[in-house]
Amino acid sequence: METKIIHPQEIEEAVNAIKKGKLVSFPTETVYGLGADATNEEAVKNVYLAKGRPSDNPLIVHVASCEQVTPFVSNISEKAQQLMDTFWPGPLTLIFNLKNAETLPSVVTGGLETAAFRMPNNELTLQLIKESKTVLVGPSANTSGLPSPTTADHVYQDLAGKIYGVLDGGASFVGIESTVLDMSQENGVPVILRPGAITKEQLEEVIGEVEMDQHILTEKEAPKAPGMKYKHYSPKTPVIMIDYKTDDWQEAIDSYKKSNKKVGIMTNPEKKKLLKNYDAYYELSKKYDVVEAMRYLFAGLRKLDDSKLDLDIILVETYPETGAGIAYMNRLKKAANQKIFKK
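Next up, the structure:
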């Protein structure tokens with residue numbers, strides 16, 4: 000199968016492909032999604048096959064309006080409506096109870112009685128959903144386990160020959176997946192199941208108390224949201240976290256070089272100018288800015304993982320786990336498999 004790069008003016012081709020049950024990657028503000036008609040069981044099964052994704056990992060349903068959620072869910076609470084009014088379109092996914100088990104194919108929900116919904120902040124993709132006259136699943140359009148794609152080229156690198164096309168909407172401006180908030184407990188406190196660009200503090204400004212899920216699921220338990228199970232975000236080259244504020248960077252580089260390892264670094268220019276003897280550099284942010292670092296984390300991991308560089312180690316700067324830093328560190332820890340440089 001030849002995978003096409005579909006330009007914005009050719010969106011009708013993407014719409015027709017979706018209607019025929021084919022897979023089309025679409026741009027969002029977070030990362031690129033792998034789109035298929037969420038009501039077409041066979042098309043959704045092909046999403047899992049293309050990604051190599053475990054089939055018990057639920058998918059997010061992407062909508063173009065709040066009204067598109069209503070036919071599927073049993074209830075939209077006042078708090079949920081407030082969140083939709085405030086943050087949609089945007090990087091917030093809400094989990095609702097379904098009307099019944101047949102509302103969506105089980106391949107979308109992972110066999111759960113809940114489903115996740117989001118309205119992406121991208122006009123091109125909203126047009127795609129509207130003109131397709133359905134709702135779309137949209138997990139990250141990458142090979143499962145690798146860093147999520149933030150450009151059409153990233154998608155093509157992973158899925159060329161496996162999907163119909165990639166709708167090219169330029170680079171994502173958030174850079175990591177959406178915040179996932181569980182609204183399925185009717186009288187309970189909403190729980191963040193996956194941190195994202197919309198922080199706990201921002202959510203609480205709108206609806207009051209919100210909890211952060213502290214439970215790490217084992218592989219025997221069914222996840223309620225993507226990103227809670229299995230390996231995620233890891234390039235082939237090993238990633239090591241390193242505290243930006245320490246003086247250990249040069250020592251880390253030198254220690255790996257003594258073992259004849261090629262070292263890449265992901266940091267900012269101020270740190271870079273203090274360092275030497277590394278083999279590759281990616282500017283994560285201009286001035287130690289976590290929002291900017293979040294935007295370029297996956298792109299940087301992909302860039303330094305290029306086989307032409309042939310690196311042995313990628314050192315990536317950490318951020319305090321507050322505000323947006325919680326989401327950044329969530330992705331970095333998974334990419335690094337919790338490994339941090341120690342003397």
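Under numbering that gives the first Met the number 0, the residue at position 300 of the sequence shown is numbered 299, and the numbers go up by one with no gaps.
Glycine included, C-beta positions come from ideal geometry on N, C-alpha and C.
Taking the CB atoms as reference points, tell me whether residue i and residue j lie closer together than 8 Å.
| i | j | result |
| --- | --- | --- |
| ILE59 | ALA115 | yes |
| THR2 | TYR232 | no |
| ALA37 | VAL30 | no |
| ARG294 | PRO234 | no |
| ILE239 | ASP247 | no |
| GLU12 | ILE5 | yes |
| VAL23 | VAL136 | no |
| SER171 | THR149 | yes |
| TYR243 | THR317 | yes |
| GLY109 | ASP55 | yes |
| ARG303 | MET265 | Reading off the sequence shown, one finds Leu at residue 303, where the question assumed Arg. Contact flag set, yes. |
Starting from residue i, trace the alpha helix (DSSP H) in both directions and tell me its first and last residue.
| i | result |
| --- | --- |
| ILE252 | 247-257 |
| TYR155 | 151-158 |
| MET328 | 323-334 |
| LYS18 | 10-18 |
| LEU296 | 289-303 |
On a Cα-Cα basis, can you pick out the residue from the options that is closest to residue i?
| i | options | result |
| --- | --- | --- |
| VAL205 | ASN259, THR102, THR108 and GLN81 | GLN81 |
| LEU166 | THR317, TYR318, ASP311 and GLY34 | GLY34 |
| ALA196 | PRO90, PHE172, LEU48 and PHE95 | PRO90 |
| GLU122 | ALA323, SER105, SER64 and GLY109 | SER64 |
| VAL188 | LYS244, ALA79, LYS286 and THR149 | ALA79 |
| PRO268 | PRO57, LYS256 and GLU282 | GLU282 |
| GLY32 | THR142, ASP311 and ASP288 | THR142 |
| ASN329 | PRO7, ARG193, ALA16 and THR266 | ARG193 |
| ASP181 | GLY174, THR108 and ILE191 | ILE191 |
| THR27 | ILE312, ILE17, GLY169 and GLU130 | GLY169 |
| ILE325 | ASN336, VAL14, VAL289 and PHE340 | VAL289 |
| GLU130 | ASP157, LEU158 and LYS18 | LYS18 |
| VAL107 | ILE94, VAL134 and PRO57 | PRO57 |
| VAL262 | VAL154, PRO104, VAL315 and SER139 | VAL315 |
| HIS353 | ILE94, THR321 and ALA334 | Residue 353 is absent from the model: the chain starts at 0 and stops at 342. |
| PHE297 | LYS285, SER139, ASN259 and GLY160 | SER139 |
The beta strand (DSSP E) with residue i in it runs from where to where?
| i | result |
| --- | --- |
| ALA35 | 32-36 |
| VAL180 | Residue identity differs from the one stated: residue 180 is Leu in this sequence, not Val. It spans 178-181 - the beta strand (DSSP E) in which LEU180 sits, taken as one unbroken run. |
| GLU316 | 312-316 |
| THR124 | THR124 -> not in any beta strand (DSSP E); alpha helix (DSSP H) instead, spanning 122-131. |
| MET240 | 238-241 |
| ILE206 | ILE206 -> not in any beta strand (DSSP E); alpha helix (DSSP H) instead, spanning 199-206. |
| GLU282 | 279-282 |
Practice task
Assess, as a yes-or-no matter, whether the region 107-127 is touched by the region 56-71 under the definition of 3 or more beta carbon pairs within less than 8 Å.
Solution key: Taking 8 Å as the limit for Cβ pairs, the verdict is that the region 107-127 does touch the region 56-71.
Problem - Ordered list of beta strand (DSSP E) runs contained in the region 81-107, each at least 3 residues - result: Within the region 81-107, the complete beta strand (DSSP E) runs of at least 3 residues are 91-96.
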